[in-house]
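Going from the sequence shown to the numbering used here is simple: count from 1 and add 32. The beta carbon of each residue, even a glycine, is placed where N, CA and C say it ideally should be. Here's the structure we're looking at; comments come further down.
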Amino acid sequence: MTPDEYVEAVLELVERIPPGRVMSYGAVADALAERSGRASARLVGSIMARHGGGVPWHRVVNAAGRLPPGHEREARARLRAEGTPLRGAGVDPAANWSPPEGM
């Protein structure tokens with residue numbers, strides 16, 4: 033998978049996260065690892081920062097459930113509007129989502 037194809041794969045996966053659910057940067061990387069040969073949460077974060085404006089970026093959080101840095105207020109409002117369970121400064125682990133096998 034080329035770097036451009038990986039960017040597209042990340043964005044396509046983020047588009048599939050259902051409203052009210054979230055994935056961590058690492059979970060996105062892990063879900064694509066076998067197909068892409070890459071497994072870097074940091075790379076997913078970089079892709080989201082550069083290219084994620086057109087997808088539901090607010091549904092991607094860090095491993096502890098914290099919201100995207102610098103965008104916490106907007107992300108919290110969007111997640112609350114979707115009915116995502118929140119806890120403290122982040123998202124309740126019950127909101128974590130994984131794509132079905134083969135997706």
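Out of G122, P117, E133, P132, state which residue places its alpha-carbon closest to the alpha-carbon of P51. For the purposes of this step, residue 51 is taken as the residue at position 19 of the sequence shown. Comparing Cα-Cα distances from P51 to each of G122, P117, E133, P132, the minimum goes to P117.
What residue from R53, P125, P132 has the CA that sits closest to R110's CA? Reading the sequence shown from its first residue, position 78 is the one you call residue 110. Nearest option by C-alpha distance: R53.
For E106 and R91, what's the separation of their Cα atoms in angstroms? On the sequence shown, residue 106 is found 74 positions in, with the first residue counted as 1. On the sequence shown, residue 91 is found 59 positions in, with the first residue counted as 1. Those two C-alpha atoms are separated by around 11 angstroms.
Do V123 and I79 have their CB atoms nearer than 9 angstroms?
Within the sequence shown, residue 123 is the residue found at index 91, counting from 1. Within the sequence shown, residue 79 is the residue found at index 47, counting from 1. It is not a contact, given that the beta carbons lie outside the stated cut-off.
S72, enclosing alpha helix (DSSP H) - first and last residue
As a first step, residue 72 must be located in the sequence shown, where it is residue number 40. No alpha helix (DSSP H) contains S72, which DSSP labels as neither H nor E.
| request: Would you identify the three-state DSSP class for L137, choosing helix, strand or coil? | output: This structure does not reach residue 137, given that the chain is present from 33 up to 135, and the question cannot be answered.
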